[in-house]
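Participant:
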Amino acid sequence: MTADADPSILLIKRKVRAGDPWSGQMALPGGFAAPGDGSLSATARRETDEETGIALGEEEDLVGALDDVTPRAPFLPPLVVTPYLYVVRGRLEARPGPEVELAVWLRVKELYDPRLRRPFRLQLPGAIRDFESIVIGDYT
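Everything in the sequence shown is counted per numbering that gives the first Met the number 0, starting at 0 for the first residue and increasing by one.
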């Protein structure tokens, strides 16, 4: 998140790839821990760098970990997501990595703008789920 009066968050759109259960989705940068990471905050820094080209500093930019999230869907592997919040000074240039189609900064206040909200129907293996979505340019 940017450290300014009108903060923004960095989102990515994942490339469409066979076998990727999050294929084509908008998301926060992130991924699985690697053996050499040493900590989950190090995983967050590594994944952000790999996916966006933004190298987060050591702990001075870390605000902290948010509550764990456990996604539940029959097509997902069992996992726990531990989101980390880092603060950067302004909208740093993001360069999408090999797994990412797009990296975009979204002003936090846009998350609350009712004009950007649309219904979204997601076709899942064996189910259809309806969600409220936020339109970001040409993406939902």
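Virtual Cβ for every residue (Gly too), placed ideally from N, Cα, C.
1. Give me, in chain order, the residues of the same chain whose beta-carbon lies closer than 6 Å to that of Gly96; leave out the 5 immediate sequence neighbours on both sides.
2. Taking Glu131 as part of the beta strand (DSSP E), name the residues at either end of that continuous run.
3. I need the straight-line Cα distance from Glu57 to Ile133, nearest angstrom please.
4. Checking 8 Å against the spacing of the C-beta atoms, do Glu80 and Ala2 come in under that value?
5. How big is the Cα-Cα spacing for Pro82 and Ser40?
6. Are Gly18 and Glu46 close, meaning C-beta to C-beta below 8 Å?
7. Taking the beta carbon of Ala64 as the centre, do at least 16 other beta carbons fall within 10 Å, making it buried, or is it exposed?
8. Nearest by alpha-carbon distance to Leu91: which of Gly52, Gln24, Ser22, Pro76 is it?
9. Give me the residue from Glu109, Lys12, Arg128, Leu61 with the minimum Cα distance to Ser38.
10. Taking buried to mean at least 16 other C-beta atoms within 10 Å of its own C-beta, is Arg44 buried or exposed?
11. In the structure shown, what three-state DSSP assignment does Lys14 receive?
Facilitator: In short:
1. For Gly96, where only same-chain residues beyond five positions count, the Cβ hits under 6 Å are Glu49, Glu50.
2. Note, Glu131: beta strand (DSSP E), 126-133.
3. Going by C-alpha positions, Glu57 is about 32 Å away from Ile133.
4. For clarity, residue 80 is Val in the given sequence; the question names Glu instead. Not a contact, by the Cβ cut-off of 8 Å.
5. The alpha-carbon atoms of Pro82 and Ser40 are separated by roughly 9 Å.
6. In terms of Cβ geometry, Gly18 and Glu46 do not form a close pair [threshold 8 Å].
7. With fewer than 16 Cβ atoms within 10 Å of its Cβ, Ala64 is classed as exposed.
8. Ranking Gly52, Gln24, Ser22, Pro76 by Cα distance to Leu91 puts Gly52 first.
9. Nearest to Ser38 by C-alpha distance, out of Glu109, Lys12, Arg128, Leu61, is Leu61.
10. Counting other Cβ atoms within 10 Å of its Cβ, Arg44 reaches 16 or more and is therefore classed as buried.
11. Coil.
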